[in-house]
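J.:
2 protein chains.
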Amino acid sequence: MPPKRSITLTEAELRLMKLLWLRGESAVADLVQALADATPLAYTSVLTTVRILEKKGYVTHRQEGRAFLYSPCVAEHEASRSEVRHVLQRFFGNSRERLLISLLGDDEITPEELERLRQAIAAAPGDEDPAQGNPTAEDA
Amino acid sequence: MPPKRSITLTEAELRLMKLLWLRGESAVADLVQALADATPLAYTSVLTTVRILEKKGYVTHRQEGRAFLYSPCVAEHEASRSEVRHVLQRFFGNSRERLLISLLGDDEITPEELERLRQAIAAAPGDEDPAQGNPTAEDA
DNA sequence: TCTTGCTAACTAATTCTTTCGTTGCTGGTC
DNA sequence: GACCAGCAACGAAAGAATTAGTTAGCAAGA
Chain A
204 MPPKRSITLT
214 EAELRLMKLL
224 WLRGESAVAD
234 LVQALADATP
244 LAYTSVLTTV
254 RILEKKGYVT
264 HRQEGRAFLY
274 SPCVAEHEAS
284 RSEVRHVLQR
294 FFGNSRERLL
304 ISLLGDDEIT
314 PEELERLRQA
324 IAAAPGDEDP
334 AQGNPTAEDA
Chain B
204 MPPKRSITLT
214 EAELRLMKLL
224 WLRGESAVAD
234 LVQALADATP
244 LAYTSVLTTV
254 RILEKKGYVT
264 HRQEGRAFLY
274 SPCVAEHEAS
284 RSEVRHVLQR
294 FFGNSRERLL
304 ISLLGDDEIT
314 PEELERLRQA
324 IAAAPGDEDP
334 AQGNPTAEDA
């Protein structure tokens, strides 16, 4: 049996999604232009990838004159979270705790970063009222 | 240009690595046997994947009689960490903090889990003495 | 010795991924 | 009305990933 299509974003797909998240609605030509420096790609290459992204449900398009304008219909944090869930499932038995421990155990972590992590966790919702009006509810 | 070979573990590869981490040094036939319930695979399929894993540097083999015995030469936590670093780089600009925030922002997180995460971060090294004899130094 | 059974190596088939050339349509320009 | 530029659609080419069949060697038992 051959491999099944990946649910998550492949490298070429992610490269495009990052651009779309940054720029918002864009024509293919604009994406090609924006990629020109780092990754010169033919127009058709970008188009193909964008169409795959649309089939996967990551982008939509609308017609503007003769050109298609593509825009992301999955937010960056949604895609990231999806990716993290995937890693969580594949490597950590769906235990966020185990992932966190792995994160903390990385050799190159600095005390400053650790402090930021601690602050992040302190500011998390779901605990008894942290009493610091932090909405954070911009999600579906 | 075709896609380059992935550095990280693919699904079939991870499936085998998990077995090898669990069982330690194993012959191909034993791996096939162990997989039989969840994923019946032909001997040759498993052999092919193991050989790819060896080429990638995840396993080594030694000869025992006529059979090869394969054993992992990358620890599970190393592979996990590698995978996390990959996600970190691809989605979070190498910011562990941003990953943590994404983790905490997941809808389905329970207060209990949050508490465990907080404890995990409290027990992390690098901070001023947490004063609760927790070794945790079982890593390379 | 000859056969049987297991093993590794090679190869194949299928789908995915990435890149890109070609084709055909459409809208504007001369 | 004919020509040119730009754009989407189709499909191809090449390597990766997954599964598996075939082949050949080798050791143990009949």
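Here the protein sequences come in this chain order: A and B. Reading the first sequence from the start, the letters are residues 204 to 343 in the working numbering. Reading the second sequence from the start, the letters are residues 204 to 343 in the working numbering. By construction, the Cβ of each residue, glycine as well, lies at the ideal position given by its N, Cα and C atoms. If you're wondering where the values come from, they're calculated on a predicted model, not measured in any experiment.
1. Is the beta carbon of residue 283 (chain B) sitting closer than 7 Å to the one on residue 298 (chain A)?
2. For residue 252 (chain A), is the classification buried or exposed, using 16 other Cβ atoms within 10 angstroms of its Cβ as the cut-off for buried?
3. Which stretch, first to last residue, makes up the beta strand (DSSP E) that contains residue 273 (chain A)?
4. Write down every uninterrupted run of the alpha helix (DSSP H) in the region 291–327 of chain A whose length is 4 residues or greater and which is fully enclosed by it, in chain order.
5. Just mark residue 307 (chain B) as buried or exposed, buried being the case when its beta carbon has 16 or more other beta carbons within 10 Å.
6. Does chain A have any CB closer than 7 Å to the CB of residue 285 (chain B)?
7. For the 8 Å Cβ check, are there 3 or more pairs between the region 250–270 of chain A and the region 222–238 of chain A?
8. Using a Cβ cut-off of 7 Å (strictly closer), state whether residue 210 (chain A) contacts chain B.
9. My guess is that residue 256 (chain A) and residue 237 (chain A) are in contact by the Cβ rule of under 8 Å, so how many angstroms apart are they, rounded?
10. Taking the alpha helix (DSSP H) that residue 267 (chain B) falls in, what are its first and last residues?
11. Just tell me which of A:261, A:300 and A:240 has its CA closest to the CA of residue 315 (chain B).
12. Below 7 Å between beta carbons: does that hold for residue 224 (chain B) and residue 281 (chain B)?
13. Measuring only between beta-carbons, confirm whether residue 327 (chain A) sits less than 7 Å from chain B.
14. What does residue 230 (chain A) pair with, by DSSP beta-bridge criteria?
15. Pull out every residue of the region 314–325 of chain B whose Cβ sits closer than 7 Å to any Cβ of chain A, in chain order.
16. Leaving out the 5 sequence neighbours to the left and right, which residues in its chain are closer than 7 Å to residue 250 (chain B) when beta-carbon positions are compared?
17. Can you list, in chain order, the residues of its chain whose CB lies under 8 Å from that of residue 276 (chain A), leaving out five sequence neighbours each side?
18. Tell me the rounded alpha-carbon separation between residue 205 (chain B) and residue 290 (chain B).
19. Return the residue from the list B:323, B:313, B:327 and B:311 that minimises the CA-CA distance to residue 310 (chain A).
20. Could you tell me the alpha carbon to alpha carbon distance between residue 218 (chain A) and residue 209 (chain B), rounded to whole angstroms?
21. Are any of the Cβ atoms in chain A nearer than 7 Å to that of residue 305 (chain B)?
T.: Let's see:
1. no
2. buried
3. 270–275
4. 299–307 and 314–325
5. buried
6. no
7. yes
8. no
9. About 15 Å separates the two Cβ atoms, so there is no contact after all.
10. Not the alpha helix (DSSP H): residue 267 (chain B) falls in the beta strand (DSSP E), residues 262–267.
11. A:300
12. no
13. yes
14. A:272
15. 314, 316, 317, 319, 320, 321, 323 and 324
16. 231
17. 260, 261, 262 and 263
18. 22 Å
19. B:327
20. 16 Å
21. yes
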